[in-house]
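**Student:** Got a structure here, written out as structure tokens. Questions coming.
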Amino acid sequence: MTMNLNFDPERLTAGLQVVGPAGEEIGEVKEVRTHDFQLNRTMKRDVFVPFRYIREIAGSTLTLDIRRDEIDDMGWEMT
Numbered sequence: 004m005t006m007n008l009n010f011d012p013e014r015l016t017a018g019l020q021v022v023g024p025a026g027e028e029i030g031e032v033k034e035v036r037t038h039d040f041q042l043n044r045t046m047k048r049d050v051f052v053p054f055r056y057i058r059e060i061a062g063s064t065l066t067l068d069i070r071r072d073e074i075d076d077m078g079w080e081m082t
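Just remember that the numbering used here sits 3 ahead of the position in the sequence shown, which is counted from 1.
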């Protein structure tokens, strides 16, 4: 998978609400690093999501290309 260019990395900031492709609530951006961001999830461990899974950023909402129930199976770094 290549990096998704449908968003401006400058708009990726802490506090954005994160949703899945169908609009289901997932959590919020906690920290932004060079190639990924920390996703703060209620009642679950935080994970670092690679930028390539970002579908778009519109307003204060970041939409992922994967569903909430797929995240734990991705093998991403957890905190």
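Every residue gets a Cβ at the ideal spot worked out from N, C-alpha and C, and that includes glycine. Because the structure is a prediction, the values reported are computed rather than measured.
#1: Kindly indicate the opening and closing residues of the beta strand (DSSP E) around T64.
#2: In this structure, how does DSSP classify P24 when only helix, strand and coil are distinguished?
#3: So what's F10 in DSSP terms, helix, strand or just coil?
#4: Using C-beta distances below 7 Å, list every residue in its chain close to D39, excluding the 5 sequence neighbours before and after it, in chain order.
#5: Which of helix, strand or coil does DSSP assign to E80?
**Tutor:** The structure says:
#1: Residue numbering aside, residue 64 sits at position 61 when the sequence shown is read from its first letter. Residues 64–67.
#2: The residue you call residue 24 lines up with position 21 of the sequence shown. Coil, per DSSP.
#3: The sequence position of residue 10 within the sequence shown is 7, counting from 1. For F10, the three-state secondary structure derived from DSSP is coil.
#4: Within the sequence shown, numbered from 1, the residue matching residue 39 stands at position 36. Only residues of its own chain outside the window of five on either side were considered, and among them F51, V52, P53, F54 have a CB closer than 7 Å to the CB of D39, listed in chain order.
#5: Within the sequence shown, numbered from 1, the residue matching residue 80 stands at position 77. Of the three classes helix, strand and coil, the one that applies to E80 here is coil, per DSSP.
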